[in-house]
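Numbering (this note's numbering), first residue to last: 82 to 374. C-beta: ideal position from N, C-alpha, C; glycine also.
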Ligand code: UTP
């Protein structure tokens, strides 16, 4: 059968972001800034660079700013043009034109699995990308494109993996898997956040997936899992009894912006790539510590 690249990317953005309270009381976690744009913008750029032309946001209540961000701000655009800031106006105009955006509501955050199920009507018959926007990925080709290359070769769904320290397995979904070529695995089982003593490996699932549309059937069949939430890993575990699931240790760097320490590190990492911002960081550290970097 002819290989058809994914066209749709799903972004679950209905979580409560409790690890960033009180900030996330009124600001969605996905709208937190990384230098000059919100986290969600990086994810959408990645999806578009991977060939996706349709973006599905699974939103929750209080997430209206995400919707607004991907729409035109006519008044602002006109104001910028009239005040000689044409470049900035052009930059803003491009945001709503990145892709076609769809929105669907997850009425209550009942887990990642439940959020993905909310996107069913948009992805019913085709493979789709799933991106968790608090992982910002620096990779070329994009992580989603790397997963697509594995799907092209082997078929089935493909998960992104990182090797983590054994004692950290309880923070991630962990796979039991057999290596089929360096860095590529056939998945035999998955466990959500296992205790290090029970973890089948140290291969942790990260926030990029290419999923078969059969996932929706399996999501409907699972019960609430760990933490009382509908877990995507439980549905993938159910799916792999019927069809292949592969996983790839992707090449690239992940900036985990879902926790405070990670977000600070990500901000410094991105700033250090810009000569002007780098100087500001160096000077600030010098001023604050008396030490030159
Ligand atoms: P996280 O668990 O990292 O996000 O979910 P969270 O629940 O918002 O954050 P904490 O743990 O309370 O700090 C990963 C992604 O899945 C979405 C989140 O918005 C985030 O982008 N998500 C999670 C949903 O859309 N719905 C859910 O029910 C749960």
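Out of the options, point me to the one whose CA is closest to residue i's CA.
i, options, result
"residue 149", "174, 168, 132", "174"
"residue 142", "105, 162, 166", "105"
"residue 118", "374, 356, 135, 351", "351"
"residue 120", "217, 131, 332", "217"
"residue 176", "319, 126, 98, 291", "126"
"residue 280", "248, 353, 322", "248"
"residue 155", "170, 146, 359", "170"
"residue 251", "165, 278, 234, 262", "278"
"residue 340", "102, 86, 83", "102"
"residue 100", "211, 215, 168, 172", "215"
"residue 153", "167, 165, 178", "178"
"residue 318", "299, 233, 307", "299"
"residue 85", "233, 275, 307", "233"
"residue 188", "167, 96, 168", "96"
"residue 270", "322, 221, 355, 276", "322"
"residue 196", "167, 338, 140", "140"
Taking C-beta to C-beta, are residue i and residue j nearer than 8 Å?
i, j, result
"residue 138", "residue 182", "yes"
"residue 231", "residue 239", "yes"
"residue 287", "residue 242", "yes"
"residue 301", "residue 204", "no"
"residue 200", "residue 129", "no"
"residue 289", "residue 336", "no"
"residue 347", "residue 115", "yes"
"residue 284", "residue 258", "yes"
"residue 345", "residue 320", "no"
"residue 237", "residue 311", "no"
"residue 333", "residue 224", "yes"
"residue 147", "residue 111", "yes"
"residue 325", "residue 235", "yes"
"residue 260", "residue 266", "yes"
Which one or two residues does DSSP pair with residue i in a beta bridge?
i, result
"residue 266", "260, 328"
"residue 181", "135"
"residue 89", "135"
"residue 290", "211, 240"
"residue 284", "244"
"residue 143", "Its beta-bridge partners do not exist; DSSP assigns none."
"residue 272", "255"
"residue 94", "140"
"residue 100", "Paired residue(s): none; residue 100 is not in a bridge."
"residue 217", "336"
"residue 186", "140"
"residue 114", "119"
Quick one: measure Cβ to Cβ for residue i and residue j, integer angstroms, because I've assumed they're closer than 8 Å.
i, j, result
"residue 151", "residue 124", "The Cβ separation is near 12 Å, so there is no contact."
"residue 272", "residue 255", "5 Å"
"residue 194", "residue 292", "Not a contact, Cβ separation roughly 11 Å."
"residue 264", "residue 330", "4 Å"
"residue 359", "residue 307", "The Cβ separation is near 41 Å, so there is no contact."
Label residue i either buried or exposed according to how many other C-beta atoms from any shown protein chain fall within 10 Å of its C-beta, with 16 as the threshold for buried.
i, result
"residue 367", "exposed"
"residue 157", "exposed"
"residue 163", "exposed"
"residue 316", "buried"
"residue 134", "exposed"
"residue 144", "buried"
"residue 304", "exposed"
"residue 160", "exposed"
"residue 94", "buried"
"residue 213", "buried"
"residue 122", "buried"
"residue 109", "buried"
"residue 207", "exposed"
"residue 370", "exposed"
"residue 186", "exposed"
"residue 353", "exposed"
"residue 77", "The requested residue 77 does not occur in the structure, where the chain is confined to residues 82 to 374."
"residue 211", "buried"
"residue 113", "buried"
"residue 309", "exposed"
"residue 98", "buried"
"residue 165", "exposed"
With hydrogens ignored, establish whether the beta-carbon of residue i is closer than 7 Å to any heavy atom of the ligand MN.
i, result
"residue 252", "The ligand MN is absent from the structure shown, which contains only the ligand UTP."
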